[in-house]
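A.B. asks: Taken in order, the sequence shown gives residues -16 to 210; the numbers are from the numbering used here.
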Amino acid sequence: MRQATVVFDFDSTLVPRESFTSWVEERFRDQPDKAAQARAWTQKGMAGEVPFQEALEAKLRLAAPSRSDLAALGEQCARELDPALRAWVGELARRGLELHILSGGFALSILPSARILGIPEDRVHAVEARFDRAGRFLGFPPGEGYHSSKVAGMRKSGLRFPSPSLLIGDGATDRAVWEAGLVDHFIAFTLYARRPEILRGDCPEAPDLPSLQALVQDLLAQKDPRP
């Protein structure tokens, strides 16, 4: 396998759930109407029915997380990493591939998993948050783009992945990165969540880890799509 860039979505890709939505649902486990609202906003955002920013802000109105909430969520997500996937990601790194995480989730909740996977902090591209001295959520730093969309975040930060590049994800926000020409290849990884609206016959689908491994192997063995 030649040197290349492999970019992972986080929620329902590296971890088996939509982490922030799950946190909101847990927060409102005694208020099923609010938990259902959180699930509905996530589905709309991941399916591309509403802008990602609208879905995220709706969930933040339901339950603004504190710094400690997001940090605790991150530790929990790290414990949920599939050992087989973790081993495979480590193998990709040993083969010399450049690995990144690109997510519409909060960076604070992703970094513990990134550390376990051996992905440096500066290769985690996700939503940054502002907190007051007591750790209460205040909003987003000026110029922060990932709360709008992954495409907006990449463009605002000037992020470009070395080619050939491959993005692995499960949602419309991942597909949009590929459609915008910001990565060379996109694989829909549907082990944890299958969203038919992103499967239009023009991108490969991996329903499990062995299928994903084979597709990555095949795509990265192809001729570089850029001269």
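For glycine and all other residues, C-beta sits at the position ideal for the given N, C-alpha and C.
Note down the Cα distance separating Arg77 from Gln200, rounded to an integer number of angstroms.
C.D. replies: Rounded to whole angstroms, Arg77 to Gln200 spans 14 Å at the Cα level.
A.B. asks: What distance in whole Å lies between the Cβ atoms of Ala61 and Ser86, which are believed to be in contact at a cut-off of 8 Å?
C.D. replies: Their Cβ separation, rounded to whole angstroms, is 14 Å, which puts Ser86 and Ala61 out of contact at 8 Å.
A.B. asks: Check the C-beta distance from Thr264 over to Pro190 and give it rounded, since I have them as a contact under 8 Å.
C.D. replies: For the chain, the structure presents residues -16 to 210; residue 264 sits outside this window and is missing.
A.B. asks: Can the beta-carbon of Ala109 be found closer than 8 Å to that of Ala90?
C.D. replies: yes
A.B. asks: Grouping DSSP H, G and I as helix and E and B as strand, with all else coil, what is Gly28?
C.D. replies: Looking at Gly28 - three-state DSSP - the assignment turns out to be helix.
A.B. asks: Please classify Leu149: is it buried, with 16 or more other beta-carbons within 10 angstroms of its beta-carbon, or exposed?
C.D. replies: Buried: at least 16 other Cβ atoms inside 10 Å.
A.B. asks: Could you tell me the distance, in whole angstroms, from the CA atom of Phe123 to the CA atom of Phe114?
C.D. replies: Distance between the alpha carbons of Phe123 and Phe114: 9 Å.
A.B. asks: Near Ala30, which residues of its chain fall below 7 Å by C-beta distance, leaving aside the five closest residues on each side in sequence?
C.D. replies: Ala155, Arg178 and Glu180
A.B. asks: Whose C-beta lies closer than 7 Å to the C-beta of Gly184 among residues of the same chain, with five residues either side of it excluded?
C.D. replies: none
A.B. asks: For Asp(-6), name the three-state secondary structure that DSSP assigns.
C.D. replies: strand
A.B. asks: Can you tell me whether Pro34 sits near the ligand FAD, meaning its C-beta is under 7 Å from at least one heavy atom of the ligand?
C.D. replies: The ligand content of the structure shown is nil, which means the ligand FAD is not present either.
A.B. asks: Is it buried or exposed for Arg158, if we count other Cβ within 10 angstroms and need 16 for buried?
C.D. replies: It is buried - the Cβ of Arg158 has at least 16 other Cβ atoms within 10 Å.
A.B. asks: For Thr(-12) and Gln14, I'd like the C-alpha separation in whole angstroms.
C.D. replies: Their backbone Cα atoms lie some 43 Å apart in a straight line.
A.B. asks: What do you get for Val72, buried or exposed, if any count of 16 or more other CB atoms within 10 angstroms of its CB means buried?
C.D. replies: buried
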